[in-house]
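Everything below concerns the one structure shown next.
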Amino acid sequence: MEEVKRVLATDKALALIKRLKDRHGPLMFHQSGGCCDGSSPMCYARDEFLVGDQDILLGEIGDSPFYISKSQYEYWKHTQLIIDVVNGRGGMFSLEGPEGVRFLTRSRVFTDEERKMLSSK
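In terms of full-length UniProt numbering, the sequence shown opens at residue 1 and continues consecutively.
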């Protein structure tokens, strides 16, 4: 079985990430849990968001690190996050806002086998 990833992105999301990287340089993501942006994945220029010691690196999408706060991780740890793109307005601070689309987090529950693989790391 291939490596189990905690976060991955759809082809549509990867294409948007590439466009944003071409325009803004290296990127990073943070899974929001805030009141203003709901649970949207937020996209920032890599040097414009300060990662804290309560943030967990879940993995990378489009060669960009993807973080989640420790408290949010507790809610999502049993699922694989799948970052997608849909039409509409995103978070006001996220770089895709002017594009008329927004990143969206979908999820699926890990299988028992996948949870075992993740816990053995």
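Backbone N, C-alpha and C fix where the C-beta goes; we use that ideal spot for every residue, glycine too.
Asked: Would DSSP call GLU96 helix, strand or coil?; Found: coil
Asked: Determine the extent of the beta strand (DSSP E) in which SER107 is found, giving its start and end residues.; Found: 101-109
Asked: On the criterion of 16 or more Cβ atoms from any shown chain inside 10 Å, does THR111 qualify as buried, or is it exposed?; Found: exposed
Asked: Three-state secondary structure (DSSP) at ASP84?; Found: strand
Asked: Within 10 angstroms of its Cβ, does HIS78 collect 16 or more other Cβ (buried), or is it exposed?; Found: exposed
Asked: So, at 6 Å on beta carbons, what are the nonlocal neighbours of LYS21 in its own chain, with the 5 sequence-adjacent residues on each side left out?; Found: LEU27
Asked: State buried or exposed for VAL86, treating a residue as buried only when at least 16 other CB atoms are found within 10 Å of its CB.; Found: exposed
Asked: Alpha carbon to alpha carbon, how far is TYR67 from GLU96?; Found: 17 Å
Asked: Okay, do the segment 53-69 and the segment 102-110 touch, 3+ Cβ pairs below 8 Å being the bar?; Found: no
Asked: To which residues does DSSP link VAL7 through a beta bridge?; Found: LEU81
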